[in-house]
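If you use the numbering used here, the sequence shown corresponds to residues 1346 to 1414, in order. Let me begin by presenting the structure, written as structure tokens, before commenting on it.
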Amino acid sequence: MIVCSCNRLTHHDVEAAVDGGATRPKEIYASKGCKAQCGNCTSGIVCLLRQALMQRGNVFDLSAGLAAS
Ligand code: FES
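Take a look at the structure:
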């Protein structure tokens, strides 16, 4: 499922990024060599990121990674 239409990121990309060590939204984008553009996907990315981290038992603090850069 596409979760970011600007960058064509899928939910699989989010999970792969988390498996690769990503803990912040901007690290999800960076894992695919892109960054947030319109920002419409940010809340969805945060939700998927939080879910993936929880499934892996990771502690997370998303407050530092919400700003699109
Ligand atoms: S939909 Fe992801 S940056 Fe636009």
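Glycine residues also receive a C-beta, built at the ideal position from the N, C-alpha and C atoms.
Is any heavy atom of the ligand FES found at a distance shorter than 7 Å from the C-beta of residue 1384? Yes; taking the cut-off as 7 Å, the Cβ of residue 1384 has a heavy atom of the ligand FES nearer than that.
Residue of 1370, 1352, 1362 minimising C-alpha distance to residue 1379: Shortest Cα-Cα distance from residue 1379 to any of 1370, 1352, 1362 involves 1352.
List the endpoints of the continuous alpha helix (DSSP H) containing residue 1392. For residue 1392, the enclosing alpha helix (DSSP H) starts and ends at 1387 to 1400.
Is residue 1392 near the ligand FES - that is, is its Cβ less than 7 Å away from at least one heavy atom of it? No, since every heavy atom of the ligand FES falls outside the 7 Å radius drawn around the Cβ of residue 1392.
Endpoints, the alpha helix (DSSP H) within which residue 1375 is located: For residue 1375, the uninterrupted alpha helix (DSSP H) segment begins and ends at 1370 to 1376.
Residue range of the unbroken alpha helix (DSSP H) whose run includes residue 1362: Note, residue 1362: alpha helix (DSSP H), 1356 to 1364.
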